Each structure stands twice: as structure tokens, then as C-alpha cells.
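> Numbering (our numbering), first residue to last: 35 to 415. Heads up, the beta-carbon is just placed ideally off N, CA and C, and yes, glycines get one too. All figures in this text were calculated on a predicted structure; none of them were measured in a lab. Handing you this structure, nothing more for now.
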Amino acid sequence: MVKLESKLPEVGTTIFTVMTRMANEYGAINLSQGFPGYEIDHELKELVDKHIQLGRNQYSPLAGVPELLEAIAHKKKLLYGCDLDPQTEITITHGATEGIFSGLTALIRPGDEVVYFEPAYDAYLPAIQLNGGVGVPIRLKSPNYSIDWEQVRKAISPRTRLIMINSPHNPTGMVWSKGDMLALQEVVEGTDILILSDEVYQHVLFDATAHQSVLAFPELCRRSLVTMSFGKTFHATGWRVGYAIAPPALTRELRKVHQFNTFSINRPFQHALAEYLLKPERYLSLPGFFQEKRDFFRAAIADSPFELLDCRGTYFQSVSYKDYSERSDMDMAEWLTKEVGVAAIPVSAFYSDGTDEQVLRFCFAKEASMLEEAGKRLSKL
Ligand code: GLN
Numbered sequence: 035m036v037k038l039e040s041k042l043p044e045v046g047t048t049i050f051t052v053m054t055r056m057a058n059e060y061g062a063i064n065l066s067q068g069f070p071g072y073e074i075d076h077e078l079k080e081l082v083d084k085h086i087q088l089g090r091n092q093y094s095p096l097a098g099v100p101e102l103l104e105a106i107a108h109k110k111k112l113l114y115g116c117d118l119d120p121q122t123e124i125t126i127t128h129g130a131t132e133g134i135f136s137g138l139t140a141l142i143r144p145g146d147e148v149v150y151f152e153p154a155y156d157a158y159l160p161a162i163q164l165n166g167g168v169g170v171p172i173r174l175k176s177p178n179y180s181i182d183w184e185q186v187r188k189a190i191s192p193r194t195r196l197i198m199i200n201s202p203h204n205p206t207g208m209v210w211s212k213g214d215m216l217a218l219q220e221v222v223e224g225t226d227i228l229i230l231s232d233e234v235y236q237h238v239l240f241d242a243t244a245h246q247s248v249l250a251f252p253e254l255c256r257r258s259l260v261t262m263s264f265g266k267t268f269h270a271t272g273w274r275v276g277y278a279i280a281p282p283a284l285t286r287e288l289r290k291v292h293q294f295n296t297f298s299i300n301r302p303f304q305h306a307l308a309e310y311l312l313k314p315e316r317y318l319s320l321p322g323f324f325q326e327k328r329d330f331f332r333a334a335i336a337d338s339p340f341e342l343l344d345c346r347g348t349y350f351q352s353v354s355y356k357d358y359s360e361r362s363d364m365d366m367a368e369w370l371t372k373e374v375g376v377a378a379i380p381v382s383a384f385y386s387d388g389t390d391e392q393v394l395r396f397c398f399a400k401e402a403s404m405l406e407e408a409g410k411r412l413s414k415l
């Protein structure tokens with residue numbers, strides 16, 4: 035046997051894969067891993083076909099096809115009023131996950147501290163650690179998962195290189211307010227601290243809540259790398275197409291890594307997305323579309339013994355079951371999948387120390403019939 039010391043000794047298979055596998059094995063309704071349970075728009079499919087037939091099947095330029103970069107710049111102007119140079123500030127990535135990974139690789143050095151908020155998407159900490167960084171978690175305060183800014187200020191040290199933020203927030207559905215953005219601005223003012231802002235759920239917000247993108251805050255924008263996702267926006271998580279926005283100096287460094295990581299992203303899909311983006315109503319209608327699903331799912335499980343936590347954004351509904359059972363959240367998720375036929379994600383997977391607040395996360399980006407059946411099963415508990 036060759037001797038091999040794991041670079042990620044604490045890490046197993048991601049919880050999303052574990053729960054989806056278990057759901058499939060037991061034939062459970064899979065509300066665990068976050069992916070839409072319905073078809074993408076047929077016009078988008080036809081556009082992909084069209085560009086394949088047109089022969090757009092060889093390497094894309096490494097930053098992305100110019101039509102798509104321009105369409106994204108146009109969209110950001112419309113949404114956040116910012117002027118982006120498509121040639122020097124936007125890069126198409128292999129999903130937002132690659133943007134996060136390549137971004138961290140480009141921007142942090144061994145020993146650098148990276149402040150982030152827990153519960154946190156499970157890719158963040160391994161990406162920090164594989165790049166030699168030290169994760170400094172800030173605990174969001176339950177039950178509303180609000181930010182304790184005093185704690186953030188205390189966590190900043192001369193070694194802080196970067197702060198990672200995520201709004202709308204996976205898994206909690208919490209959304210950063212304008213006040214939070216201004217508080218962040220105050221924390222980084224006069225420092226060289228960078229920001230990585232994961233905004234993949236930018237269009238999934240409810241109750242007329244506005245998305246506070248770092249792109250709308252010039253002071254934050256000039257030190258930020260923002261990651262976004264077409265998978266989330268156009269219901270096509272399997273395409274693995276996302277993008278990163280950053281000022282030219284940061285983008286230059288990002289592209290140095292990106293070019294040797296993936297070189298470039300698949301071309302016909304980029305052309306299709308560029309054309310599809312020409313009609314803004316295709317993404318402007320998303321909050322209404324998802325709010326209907328959120329409200330439907332909340333009503334469907336209202337008679338279950340679970341306590342519905344606030345959900346202001348993302349397509350995830352978290353519930354607390356602490357008054358119902360003493361099981362750990364992993365046990366509970368496993369039992370629900372095997373015995374009740376509904377799979378969810380145990381939120382302890384989003385804490386580096388495995389904190390278990392007896393909270394489960396359900397994905398409601400599914401057909402109404404599926405949500406209804408899940409509601410029936412959970413209401414029998
Ligand atoms: N982002 C999705 C979620 O939170 C899944 C991502 C994945 O499976 N890698 O469930």
C-alpha cells in the first residue's frame with residue numbers, strides 16, 4: 035500500500051450526495067439536495083440545440099463567449115446600476131462552485147484567515163483549507179440567523195485576508211439587509227480585506243425583499259469577487275454554468291487559476307444563455323414563481339409537528355423539530371427518509387463543529403404534486 039495522508043481528513047462525501055443516494059435507495063421523495071424537480075424552459079433547450087447545430091462546439095475563449103459576457107454586464111446594469119466591463123470584469127465558470135474555488139486559490143495564501151458565517155454551505159471550508167487558509171466561522175444567531183456585528187468586528191485580525199458572505203443564505207433562507215451590507219462596509223473600510231460574495235440565489239427572494247448585491251455598493255464592489263449561477267436561475271443545475279464578477283485586478287488573478295483549472299466552459303450552452311438573457315422577464319419573474327412554491331410547501335406541512343422557521347430567500351425551507359423528537363438531525367433525516375419517505379438535509383452538516391440544533395432543510399423547488407405528497411406524509415407524524 036502506498037502511504038497517503040488525506041489533505042481533508044475530516045471530510046467525507048458531501049451530505050447532498052449522501053441524502054440523494056439514500057432517497058433513491060428507499061424510494062423517498064427527495065427534498066434534500068437542492069435542484070429543481072421540473073423541466074427547464076423549452077425555448078432554452080431549443081437554443082442549445084440551435085447552437086450545437088450551428089457548429090459552436092469548439093473551445094470557448096477562456097473568460098467566456100463575448101455575447102454572454104455582454105449580456106451579463108447588461109443584466110447587472112439593469113438590476114444594480116453598475117457599469118461592468120465584460121472583457122475585464124466577468125468570467126464564466128464551471129458553476130459558482132468553481133468560481134469560489136478558483137477565486138480562493140487566486141486570492142488567499144497559506145496562513146491567511148478567512149471569516150465566514152455558519153451554518154455555511156459545505157464547500158466553503160474545504161476550499162479555504164485546501165488553499166492553506168484558516169477558516170474563522172461566525173455563528174449566525176438562531177432562530178432568525180441574524181448577524182452579530184460585534185462578533186464580526188472581534189473576529190477580524192491582521193491576518194484576515196477575506197470575508198465570505200452568502201445572501202440569500204443557504205441553508206437558512208436568511209437574507210442580508212441593507213444595514214448588514216453597510217455594517218460590512220464599515221468593517222472593511224480602510225483595510226485590504228477582500229470579499230467573496232456568493233449570490234447564487236439572487237433571484238430567489240420573497241415578500242418583495244430586494245436583493246442586496248455587493249455590486250450595488252461601490253465601496254464593497256471594488257474589493258469583491260461575486261459568484262452567480264445559471265443553474266439556480268434557469269433551473270439547470272446539471273449544466274454547471276456560472277460566473278464570477280470582480281474588478282480587473284481580481285479578475286486577472288482569478289483567470290490565471292481558471293485557465294489551468296477548466297480552461298473554459300462549454301460553448302453551445304454559453305451561446306444559448308446569451309440569447310436567452312435578452313428577455314429580462316425570464317429572470318424578473320422568478321421571485322413570484324418561487325414564492326408560490328414556498329407558500330405552497332409551508333401550507334402543505336403546516337399540520338406537521340415541525341416548527342417552520344423564517345424563509346425570506348433561497349428555495350430551502352428549514353424546520354425545527356426540537357419539540358417533537360430528541361433524535362440527532364442526522365438520525366432524524368435518516369429516519370424520515372427510510373420510514374416516512376421524505377428526504378431532507380440535516381443542518382449540522384453546515385457547521386464545522388457539527389453543531390446540531392435539531393433543524394432540517396427541505397428543498398421546495400419541486401412540482402406541486404410532489405410537495406403535496408411530502409406534506410401529507412409529514413402531516414401524519
Ligand atoms: N446547492 C445545492 C444544495 O445546497 C446542492 C449542491 C450540490 O449537490 N453540490 O443542496
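Under 8 Å by Cβ, that's how I've got His269 and Ile74 pegged, so tell me the actual separation to the nearest angstrom.
Yes, they are in contact, since the Cβ atoms of His269 and Ile74 sit about 5 Å apart, within 8 Å.
> For a test of your reading of the model: does the CB of Phe396 fall under 7 Å from any non-hydrogen atom of the ligand GLN? Yes or no.
No.
> Would you tell me roughly how many angstroms separate the C-alpha atoms of Phe324 and Leu81, rounded to the nearest one?
Phe324 and Leu81: Cα-Cα distance of roughly 24 Å.
> For the ligand GLN, is there any heavy atom lying closer than 7 Å to the beta carbon of Asn200?
Outside the cutoff, so no.
> For the ligand GLN, is there a heavy atom less than 7 Å away from the beta-carbon of Gly68?
Yes - the ligand GLN has a heavy atom lying nearer than 7 Å to the Cβ of Gly68.
> Taking the runs of the alpha helix (DSSP H) that are 4 residues or longer, which of them lie wholly in the stretch 223-268?
Taking only runs of at least 4 residues, the alpha helix (DSSP H) segments lying wholly in the stretch 223-268 are 252-255 and 264-267.
> With a Cβ-Cβ cutoff of 8 Å, do Val374 and Arg411 count as a contact?
A contact, by the Cβ cut-off of 8 Å.
> Tell me whether Asn58, by its Cβ, gets closer than 7 Å to a heavy atom of the ligand GLN.
Checking every heavy atom of the ligand GLN against the Cβ of Asn58, none is found closer than 7 Å.
> Closer than 7 Å to a non-hydrogen atom of the ligand GLN - does that hold for the CB of Arg178?
Contrary to the premise, residue 178 reads as Asn rather than Arg in this sequence. No.
> By the 10 Å Cβ neighbour count, where 16 or more other Cβ atoms means buried, how is Gly272 classified, buried or exposed?
So Gly272 ends up on the exposed side.
> Under 7 Å: does the beta carbon of Phe264 sit that close to some heavy atom of the ligand GLN?
No.
> Hey, how far is the Cα of Thr131 from the Cα of Val260?
When rounded, the distance between both Cα atoms is 12 Å.
> What distance in whole Å lies between the Cβ atoms of Pro171 and Arg346, which are believed to be in contact at a cut-off of 8 Å?
In fact, because the Cβ distance is near 22 Å, the residues do not count as touching under 8 Å.
> Identify which residue in Ala154, Ile142, Ile197 and Ser180 has its Cα closest to the Cα of Asn165.
Nearest of Ala154, Ile142, Ile197 and Ser180 to Asn165, Cα basis: Ile142.
> Between which two residues does the alpha helix (DSSP H) harbouring Asn295 extend?
Here the alpha helix (DSSP H) through Asn295 covers Pro282 to Asn295.
> Could you check if Lys135 belongs to the surroundings of the ligand GLN, using beta carbon to heavy atom distance under 7 Å?
Here residue 135 is Phe; the residue named in the question, Lys, does not match the sequence. For the ligand GLN, not one heavy atom lies less than 7 Å from the Cβ of Phe135.
> For Lys37, write down the residues that DSSP places opposite it in a beta bridge.
In DSSP, Lys37 forms no bridge with anything.
> Could you tell me whether any non-hydrogen atom of the ligand GLN is closer than 7 Å to the CB of Thr48?
For the ligand GLN, at least one heavy atom lies less than 7 Å from the Cβ of Thr48.
> Who are Gly169's beta bridge partners in DSSP?
In the DSSP output, where bridge partners are listed per residue, Gly169 has Val148.
> Note down, in chain order, each residue of its chain lying with its Cβ closer than 6 Å to the Cβ of Arg193, except the 5 sequence neighbours on either side.
So the qualifying residues of the chain are Glu147.
> Give the secondary structure of Gln392 by DSSP, where H, G and I count as helix, E and B as strand, and everything else as coil.
Reduced to three states, the DSSP call for Gln392 is coil.
> For His85, which residues from the same chain have a beta carbon less than 7 Å from its beta carbon, with the 5 sequence-adjacent residues on both sides left out?
Correct list, in chain order: Pro302, His305 and Ala306.
> Can you tell me whether Gly409 is helix, strand or coil according to DSSP?
If DSSP states are grouped into helix, strand and coil, Gly409 belongs with the helices.
> Quick test of your reading: Leu415 and Ser352, contact by CB under 8 Å. State the CB separation rounded to the nearest angstrom.
Leu415 to Ser352, Cβ: 17 Å. No contact.
> Excluding the 5 residues preceding and the 5 following Thr243 in the sequence, name in chain order all residues of the same chain whose CB lies nearer than 6 Å to its CB.
So the qualifying residues of the chain are Val209 and Arg346.
> When DSSP labels each residue in this structure, what does Tyr114 get in the three-state scheme?
Note: Tyr114 maps to helix in three-state DSSP.
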